[in-house]
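Asker:
Number of protein chains: 2
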Amino acid sequence: MDSKTVGILGGGQLGRMIVESAHRLNIKTIILDAEKSPAKQINALDEHVNGSFTDPVAIAELAKKCDVLTVEIEHVDADALQEIQDKTGIEIYPLPQTIKLIQDKYLQKEHLIKHGVEVTESVAVLENTEKALLEVGEKYGYPYMLKSRTLAYDGRGNFVVRTADHVKEALQVLHDRPLYAEKWCPFTKELAVMVVRSIEGEVFAYPTVETIHTNNICHLVYAPARVADTISERASILAKNAVKSFPGCGIFGVEMFLLPNNELLINEIAPRPHNSGHYTIDACVTSQFEAHIRAVVGLPMPKNFTSLTTTSTNAIMYNILGAEKPNGELEDCKRALETPHASVYLYGKSTRHNRKMGHVNIVSSSMDDCERRLRYILGQTDESIPSSEQSSGKELAGTSQKPLVGIIMGSDSDLPVMSVGANILKKFGVPFEVTIVSAHRTPHRMSKYAIEAPKRGLKCIIAGAGGAAHLPGMVAAMTPLPVIGVPVRGSTLDGVDSLHSIVQMPRGIPVATVAINNSTNAALLAVRILGAYDPKWFSEMSTYMQNMEQEVLDKAERLESVGYEAY
Amino acid sequence: MDSKTVGILGGGQLGRMIVESAHRLNIKTIILDAEKSPAKQINALDEHVNGSFTDPVAIAELAKKCDVLTVEIEHVDADALQEIQDKTGIEIYPLPQTIKLIQDKYLQKEHLIKHGVEVTESVAVLENTEKALLEVGEKYGYPYMLKSRTLAYDGRGNFVVRTADHVKEALQVLHDRPLYAEKWCPFTKELAVMVVRSIEGEVFAYPTVETIHTNNICHLVYAPARVADTISERASILAKNAVKSFPGCGIFGVEMFLLPNNELLINEIAPRPHNSGHYTIDACVTSQFEAHIRAVVGLPMPKNFTSLTTTSTNAIMYNILGAEKPNGELEDCKRALETPHASVYLYGKSTRHNRKMGHVNIVSSSMDDCERRLRYILGQTDESIPSSEQSSGKELAGTSQKPLVGIIMGSDSDLPVMSVGANILKKFGVPFEVTIVSAHRTPHRMSKYAIEAPKRGLKCIIAGAGGAAHLPGMVAAMTPLPVIGVPVRGSTLDGVDSLHSIVQMPRGIPVATVAINNSTNAALLAVRILGAYDPKWFSEMSTYMQNMEQEVLDKAERLESVGYEAY
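Chain order of the listed sequences is A and B.
Residue 567, in the UniProt record's numbering, is where the first sequence stops; the numbers in between run on with no holes.
Residue 567, in the UniProt record's numbering, is where the second sequence stops; the numbers in between run on with no holes.
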């Protein structure tokens, strides 16, 4: 595609996946790393450099063969890169100065603070002495995090100082490292955003995801994050602002903490593809790896390339770590191969306990379906292999999932009628929300609700109202989503007033009207609407209809056998 | 993943994509082909064999290093493979006997006929003489196809004998080939199905696709094929039956003709991944290449792995052929990079006119959206880059597209009311169908319609009826799809009878009822239902609502400026 040759410092799994993307675009890549490293295995060139990405001589050798240099790891010799850039003018992305800044996590933090980006509060430890660490304890209280400023990853280089008594132990572990201390951050979730910066300086954020760590190693990634849209959006803006502060181009992984008060703080930034972005290979049109290679060689980016493939795409990434028993991790992989909607990626590394050997991406139209598949892959269930996206996800209904259906009513007096429909949705396992929105008494709240509904991921709205029932029609007038109207019977006119107010809408604004007081049918209609595109709900509705038929047939049988009088 | 080493005869683009899939599963592959062939470029082993897949010595050398052999091309030395299999017991898939059979297109046809599979009628040409060819002309009439039994691909080895006068020329071109003649087959479309056969003999068919050839080279693939479901289904069964006739395992590409009378005939079969299956990389969960590698090493297959990712997935594959001007084809690739929902694959081959250099996959929720993106990639439009799936596909409405909405009515007397809604769908560009289905007079037709609707791809049904209006409710009782009811006003009761008959459904079976005679709103509601999951229709509806607002504002302005009396 492009005649530029790209040199990559580091040939681990990230390098390997960059190389795969480069191959698809026929972009030549040359790797600097040990012989037969994962990236080199899939790249049959004679020109690879065997050696370390911390060795200036090896880096210089690589640079001679390339038009652009990039990295799959930040722990490279940044000074050597800077010197090469100054001397030869070769393009290096991320910029050597960015790599250097990011290598030292404390300098990274200071840089972000200078650029107005919210980060966890921290202080440099100037001397590695007990006295200095006790002073931190006085300043921040206990526990606090003691961290190596450099060369830390997957929890290595971090120490939780629980009390003043732990100071000695902390020093034993980290005495030979440049240190800084971080105020304890009691986060509720860890979020991450991949941001790619084009050569023109434009930044594009992939969806905000949720990372789940076990023993300090990334275990799972949920995409999108199971948080309110407003939080996802703030995380995205925070990440983009952080990446804007670094000139140059390429992809960045931004890790952050979500605090109990919903505040977001940046934890750290990686100037390269990131484990939290592996889900993009299957869940987005353009993966983080392809985005990175396009950015560094200056190829065009499509519009919206960072978005999930469809509005109903959900993904879970599961890291395959080396099992205690060599190759024991392949059991998970075999189950993943059996699982529809799961894809297996192995990195060509020799098996070792807790080593990142590969990952599995699960992509489905709902997060609970992804979780069901994950449980099968992890061997945590006796259920048979999940088939297509056609079985139930009931177990997770009403949890942190984004609502697909909004139930609103003009007054709490409508609740006895409307709650019947809510129970139906609950039974089906459809994520939903219930609230009061009055057309006449809270017109502005109604308009806000209607306008924001699609952005929040709602697929349809059920609105119940009585008397001169305006709510369903007014909401329908302000959202392109399908609106289902439930006429609620009032004390006069037997509900015919509500029925006619809801159903007799003028041409242009339809309301899907159901029978008077029949919120059951409103809920069932909502499930049918979801099922029109999502096979899971289609299948649930089919089952429901079969059961209904069976129930009536059973009753008929009973009636026929016991006779109409005894019945 | 698997400790078996797989040897591949042939290292072109098909081999390259098999190797990519094998890498992801960490399965070792060794290639026999010329040095630096596309597959070898992405596979850094010392063990590759340089040489030809027609050379028995080279094949034997490859076999020594492998546990399983497979091919990316059928023009290999099948006898050598048979001998190796007999001597060493090494696994070879497809089986050497299958390769040998398929190599000779005439024997292939005889084999299929023997197994009851419908193929194009043909006859062996026993002597390459004018006399023999004239005899064929007498038997089949003109034109007929003269074909080489072996080593034919991309139209090479074929000759159309238009009249008796062309016999001489045909012989000049093909005199040194073993020949057979095929009766002229005036097909309306060319279809293809990828079928994978597992080691247990189970066969799985990918969706039926439509291939479009230009100058005998595959130009485009539409997935799924734009034909009736019944034809797709018959094509799938035909392909599976054909593949069942070959023992062994691996993937097969089955090409067939659709005749004007909707008959299907198999044209030919390739015992390997196939150009018509490249779309599976992006449009299916498991690609043809991964399916093939899993089959030949005996790894598990997930359920439903051959289906399109979602029920609304549509894809177009576009072959990048070498331009007349070297590398001129990269212009298309650059535009593809700019295009959301398009992915570019280049094979690492040196540029040559009409050579298959790569392909582009376009995946979207509608075929007309795919086509719009394709036009941009081909430089056939002045429109700007198509952004996300949010613009109109009006231009293709009412064409061969599968209907998304079904409009039915109890009687043709309802047509004046219902056709207004049909016009709205037409204006939006929503593919739809209109027919008469009466609950009371054609109850069986109604039940068939309701049951088959989701299988035919309908997303919702609009049913109009008057009087004791049973049609909407009865259809709703027999399909899990959302059903929209339009009460049609009769000569008595002003339509209230129809309204109540439709809206007052019992708990369990909802009908989305709109105002009396208001099929406009029924159509708009259908568009909203489509828009709940498909951003294109969502965006169309938003635009419609904005225009409606503007129209009213314009009228208000006119009224205010000219005064209410003059208005």
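Each residue gets a CB set at the ideal place from its N, CA and C atoms; glycine is no exception.
Bear in mind that the values here come from a model prediction, so they are computed numbers and not experimental data.
#1: Check for me: the beta strand (DSSP E) holding leucine 264(A) runs from which residue to which?
#2: Which residues in the same chain as alanine 58(A) place their Cβ atom closer than 7 Å to its Cβ, once the five residues preceding and following it in sequence are excluded?
#3: If you measure from the beta carbon of phenylalanine 428(B) to each beta carbon in chain A, is any gap under 7 Å?
#4: Should valine 475(B) and phenylalanine 432(B) be called a contact, given that it needs their Cβ atoms to be closer than 7 Å?
#5: Can you list, in chain order, the stretches of the alpha helix (DSSP H) that have 4 or more residues and sit fully within the stretch 502-557 of chain B?
#6: For the stretch 445-460 of chain B, enumerate the residues whose C-beta is nearer than 9 Å to any C-beta of chain A, in chain order.
#7: State yes or no: is the C-beta of valine 434(A) within less than 7 Å of the C-beta of arginine 445(A)?
#8: For a contact defined as C-beta to C-beta under 7 Å, what are the partners of cysteine 333(A) on chain B?
#9: Could you tell me the distance, in whole angstroms, from the CA atom of glutamate 61(B) to the CA atom of glutamate 91(B)?
#10: Compute the Euclidean distance between the alpha carbons of arginine 24(A) and valine 76(B), then round it to the nearest angstrom.
#11: Does any C-beta atom of chain B lie closer than 7 Å to the C-beta of glycine 379(A)?
#12: Hey, could you find the ends of the alpha helix (DSSP H) proline 472(B) is sitting in?
#13: In whole angstroms, what is the alpha-carbon distance linking alanine 422(A) and valine 527(B)?
#14: Compare the C-beta of arginine 507(A) against all C-beta atoms of chain B and say whether one is closer than 7 Å.
#15: Using 10 angstroms around the beta-carbon of lysine 147(B), count the other beta-carbons present and answer buried if the total reaches 16, otherwise exposed.
#16: Given tryptophan 184(A), which residues of its chain have a CB within under 6 Å of its CB, disregarding the five upstream and five downstream residues?
#17: Enumerate in chain order the residues of its own chain whose CB-to-CB distance from alanine 63(A) is below 8 Å, with the five nearest sequence positions on each side excluded.
#18: Starting from aspartate 282(B), follow the alpha helix (DSSP H) in both directions and report where the run begins and ends.
#19: Verify the CB distance criterion: does isoleucine 529(B) have a CB-CB separation below 7 Å to chain A?
#20: Does the beta carbon of isoleucine 42(A) come closer than 7 Å to any beta carbon on chain B?
#21: Could you check whether glycine 250(B) and tyrosine 93(B) sit closer than 7 Å to each other, using their CB atoms as the reference points?
#22: Using 7 Å as the limit for Cβ to Cβ distance, is glutamine 546(B) near chain A?
#23: Any beta-carbon of chain A closer than 7 Å to the one on leucine 396(B)?
#24: Beta carbon of serine 498(A), beta carbon of valine 511(A): below 7 Å?
#25: Going residue by residue through the stretch 302-361 of chain B, where are the continuous beta strand (DSSP E) segments of at least 3 residues, counting only ones entirely within it?
#26: Tell me the rounded alpha-carbon separation between methionine 460(B) and leucine 174(B).
#27: Counting C-beta neighbours from all protein chains within 10 Å, is the total for glutamate 551(A) 16 or more, i.e. buried, or is it exposed?
#28: From which residue to which residue does the beta strand (DSSP E) around glycine 406(B) run?
#29: Nearest to proline 416(A) by alpha carbon, out of Asn361(A), Gly490(A), Lys356(A) and Arg373(A)?
#30: Is the shortest distance between the beta-carbon of glycine 318(B) and the beta-carbons of chain A less than 7 Å?
#31: Residues of chain B with CB closer than 8 Å to the CB of isoleucine 362(A), please, in chain order.
#32: Whole-angstrom Cβ separation of isoleucine 99(A) and alanine 124(A), contact assumed at under 8 Å?
#33: Check histidine 213(B) in the structure and name its three-state DSSP category.
#34: Can you have a look at histidine 341(B) and say buried or exposed, based on whether 16 or more other CB atoms are within 10 angstroms of its CB?
#35: Our contact map puts isoleucine 316(B) next to isoleucine 362(B) with C-beta atoms below 8 Å; I'd like the distance itself, whole angstroms only.
#36: Would you tell me roughly how many angstroms separate the C-alpha atoms of glycine 322(B) and glycine 328(B), rounded to the nearest one?
Answerer: Reading from the atomic positions:
#1: DSSP places leucine 264(A) inside the beta strand (DSSP E), whose first and last residues are 264-270.
#2: Cβ neighbours of alanine 58(A) beyond the five flanking positions: Leu32, Val49, Gly51 and Ser52.
#3: Cβ-Cβ to chain A under 7 Å: no for phenylalanine 428(B).
#4: No, these two residues do not count as a Cβ contact at 7 Å.
#5: If we require 4 residues or more, the alpha helix (DSSP H) runs fully inside the stretch 502-557 of chain B come out as 519-533.
#6: Result list: Pro454, Leu458, Lys459 and Cys460.
#7: In this structure, valine 434(A) sits away from arginine 445(A), with a CB-CB distance that is not shorter than 7 Å.
#8: Taking a Cβ-Cβ threshold of 7 Å, the residues of chain B close to cysteine 333(A) are Met1, in chain order.
#9: One C-alpha to the other measures close to 15 Å.
#10: Annotation: arginine 24(A) to valine 76(B) spans about 27 Å, alpha carbon to alpha carbon.
#11: It does not: the Cβ of glycine 379(A) has no partner Cβ on chain B nearer than 7 Å.
#12: Counting along the chain, proline 472(B) sits inside the alpha helix (DSSP H) bounded by residues 471-478.
#13: In a straight line, the C-alpha of alanine 422(A) is about 25 Å away from that of valine 527(B).
#14: Yes, contact with chain B.
#15: A residue is called buried when at least 16 other Cβ atoms come within 10 angstroms of its Cβ; lysine 147(B) meets this threshold and is buried.
#16: Excluding sequence neighbours, tryptophan 184(A) sits near Pro143 and Tyr144.
#17: Hits under 8 Å: Gly7, Leu69, Ile84, Thr88 and Ile90.
#18: It spans 280-283 - the alpha helix (DSSP H) in which aspartate 282(B) sits, taken as one unbroken run.
#19: Taking 7 Å as the CB threshold, isoleucine 529(B) lines the interface with chain A.
#20: Yes, its Cβ sits closer than 7 Å to a Cβ of chain B.
#21: For tyrosine 93(B) and glycine 250(B), yes; Cβs fall inside 7 Å.
#22: By this cut-off, glutamine 546(B) is not an interface position.
#23: Confidence in leucine 396(B) is poor, its pLDDT being 32 and thus under 50, which makes the residue's placement unreliable; the coordinate value appears in the next sentence. Nearest CB-CB separation between leucine 396(B) and chain A: not below the 7 Å threshold.
#24: Contact flag unset, no.
#25: Listed in chain order, the complete beta strand (DSSP E) runs (minimum 3 residues) inside the stretch 302-361 of chain B are 314-321 and 342-346.
#26: Correcting the residue type first, residue 460(B) is cysteine in the shown sequence and not methionine. Their Cα atoms are separated by approximately 55 Å.
#27: Answer is exposed; the Cβ neighbour count stays below 16.
#28: Bounds of the beta strand (DSSP E) holding glycine 406(B) are 405-409.
#29: Per the Cα distances, Gly490(A).
#30: Correcting the residue type first, residue 318(B) is tyrosine in the shown sequence and not glycine. With 7 Å as the cut-off, tyrosine 318(B) does not count as an interface residue toward chain A.
#31: Chain B residues near isoleucine 362(A): none, gap ~10 Å exceeds 8 Å.
#32: The Cβ separation is near 20 Å, so there is no contact.
#33: If DSSP states are grouped into helix, strand and coil, histidine 213(B) belongs with the strands.
#34: Buried.
#35: Taking a contact as a CB-CB distance under 8 Å, the pair isoleucine 316(B) and isoleucine 362(B) counts as one, their CB atoms being some 5 Å apart.
#36: Distance between the alpha carbons of glycine 322(B) and glycine 328(B) is about 7 Å.
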